Amino acid sequence: MWYVLVGILALAAGVALGFFIARKYMMDYLKKNPPINEQMLRMMMMQMGMKPSQKKINQMMSQMNKQFDNK
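Read the sequence shown against our numbering and you will find it ends at 74, with the numbers running on by one and no gaps.
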């Protein structure tokens, strides 16, 4: 009986620990390698028919970084 209880507790602890380690790893990875960079943002704006100025791109990048830092 104790073996089953210890096994279930060890499994639950392993799952919880694995989740938090994976979450931390992904947050660090996304901070180092953001999914959208300035070139991608410029391309998207051009595809939407906008003429992107550097000021507008900088504003959008800072907003995205600020939003990411808040989470």
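Heads up, the beta-carbon is just placed ideally off N, CA and C, and yes, glycines get one too. Quantities reported herein were computed from a predicted structural model and do not represent experimental measurements.
query, result
"Cα-Cα separation between K58 and Q66, rounded to whole angstroms", "12 Å"
"Cβ pair L33, M64 closer than 8 Å", "no"
"For G52 and P38, the rounded distance between their alpha carbons", "22 Å"
"M53 (DSSP reduced to helix, strand or coil)", "coil"
"Which of helix, strand or coil DSSP assigns to N67", "Checking the displayed sequence, the identity of residue 67 turns out to be Met instead of Asn. Three-state result, M67: helix."
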